[in-house]
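See structure below.
In our numbering, the protein residues as written are 19 to 106.
Set out below in structure tokens:
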């Protein structure tokens with residue numbers, strides 16, 4: 019699948035068992051279109067001091083930049099990118 023990522027403005031836990039979290043993505047965001055066709059998504063919860071990641075995924079557009087090029091990551095379940103700097 020396509021690798022894409024964005025800073026999400028709205029999210030919420032929606033189930034305890036099974037553990038589920040819902041995010042709202044803007045249709046204007048390239049990540050919306052990648053997520054719409056994905057089998058799995060990875061949600062990263064940033065710490066207050068992770069401003070660099072927030073700027074990268076909130077300010078860059080995936081249309082012109084590979085947001086994952088300078089960020090250590092590894093493939094998670096289904097190949098979804100998991101950022102090494104963000105344990106949750």
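Every residue, glycine too, gets a C-beta built ideally from N, C-alpha and C.
query: Short of 8 Å in beta carbon distance, which residues of its chain neighbour residue 79, apart from the five on each side in sequence? Order them along the chain.; result: 48
query: Which residue marks the beginning of the alpha helix (DSSP H) containing residue 69, and which one marks its end?; result: 69 to 77
query: Counting Cβ pairs, one atom from each stretch, are 3 or more of them under 8 Å apart for the segment 67 to 74 and the segment 35 to 48?; result: no
query: If you compare alpha carbons, which of 58, 37 and 38 is closest to residue 95?; result: 58
query: Indicate the three-state DSSP secondary structure (helix, strand or coil) for residue 97 in the structure shown.; result: helix
query: Between the alpha carbons of residue 33 and residue 40, how many angstroms are there, rounded?; result: 9 Å
query: Leaving out five residues on either side along the sequence, give the residues of the same chain with a beta carbon under 8 Å from the beta carbon of residue 23.; result: 49, 75, 80, 85, 86 and 99
query: On the DSSP letters alone, give me the boundaries of the alpha helix (DSSP H) that residue 48 sits inside.; result: 48 to 54
query: What whole-angstrom Cβ distance do residue 104 and residue 62 have, given they're in contact under 8 Å?; result: 4 Å
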